[in-house]
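A.B. asks: Got a structure here, written out as structure tokens. Questions coming.
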């Protein structure tokens, strides 16, 4: 079966374009996240594929659990997904929508894994340098992994910049054994 993100992309793009035209990007993201959270719940996940549960019942359940976040546009998407037996795609659609929203807002999320704690000043300097280099607003999240020995690894989508000591040792090892 095709990867979920591949199946989710057209739904996310169509919903994104609809929300973008109406100026409701944040509301669309909130609705998708609420509906995705409901679908991910183990009890609901069991009902999604159950033959005794109709698509209308699933739509009603997800709409009720998603409460105020599910507006008319989100409800239409929900009905389309239910009628096509694609409710399982909601988490992937929410993720794809978030990527499209970040692109439209010229924002990028970067995950930094460092060997030791990074000062606020160093984080601010890194954010400023990355913003200037990438021409985007940078949302930086930092985690610590002592196994890196030293340095840091930056991840932005598919791009990985490994400036860690452990990464260098790995590359040297590969070069010597090749």
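In the numbering used here, the protein residues as written are 6 to 183.
For glycine and all other residues, C-beta sits at the position ideal for the given N, C-alpha and C.
1) Residue 62: which of 74, 47, 87 and 91 sits nearest, CA to CA?
2) Output the boundary residues of the alpha helix (DSSP H) element that contains residue 177.
3) For residue 13, which residues in the same chain have their Cβ closer than 7 Å to its Cβ, ignoring the five residues on either side in sequence?
4) Count the C-beta pairs between the stretch 116 to 131 and the stretch 25 to 36 that are closer than 8 Å, then say yes if the count reaches three, no if not.
5) Work out the CA separation of residue 132 and residue 139 for me, nearest whole Å.
6) Which one of 144, 171, 64 and 52 has the shortest CA to CA distance from residue 162?
7) Please name the residue in 127, 117, 155 and 129 whose C-alpha comes closest to that of residue 165.
8) Give the DSSP bridge partners of residue 159, in chain order.
9) Which value, in whole angstroms, describes the spacing of the CA atoms of residue 9 and residue 17?
10) Does the Cβ-Cβ distance between residue 153 and residue 171 come in under 8 Å?
11) Near residue 227, which residues of its chain fall below 8 Å by C-beta distance, leaving aside the five closest residues on each side in sequence?
12) Mapping the DSSP letters down to three states, classify residue 129 as helix, strand or coil.
13) Rounded to a whole number of angstroms, what is the C-alpha to C-alpha distance between residue 167 and residue 128?
14) Tell me which same chain residues have a C-beta within less than 8 Å of the C-beta of residue 111, skipping the five on either side of it?
C.D. replies: Let me spell this out:
1) Residue nearest to residue 62 within the set 74, 47, 87 and 91 is 87 (criterion: CA-CA distance).
2) Taken as a continuous stretch (DSSP letters only), the alpha helix (DSSP H) holding residue 177 covers 170 to 182.
3) Taken in chain order, the residues that qualify are 94, 97, 98 and 101.
4) No, they do not touch.
5) Approximately 10 Å between the Cα atoms of the pair.
6) The candidate whose alpha carbon is nearest that of residue 162 is 144.
7) Per the Cα distances, 117.
8) DSSP, once it has assigned bridges, lists 117 and 166 as partnering residue 159.
9) Taking C-alpha positions only, residue 9 is separated from residue 17 by approximately 12 Å.
10) Against a cut-off of 8 Å, the Cβ pair of residue 171 and residue 153 comes out as a contact.
11) Past the edges of the chain, shown from 6 to 183, lies residue 227, and the structure says nothing about it.
12) Of the three classes helix, strand and coil, the one that applies to residue 129 here is helix, per DSSP.
13) Their backbone Cα atoms lie some 17 Å apart in a straight line.
14) So the list reads 140, 141 and 142, once near-sequence residues are dropped.
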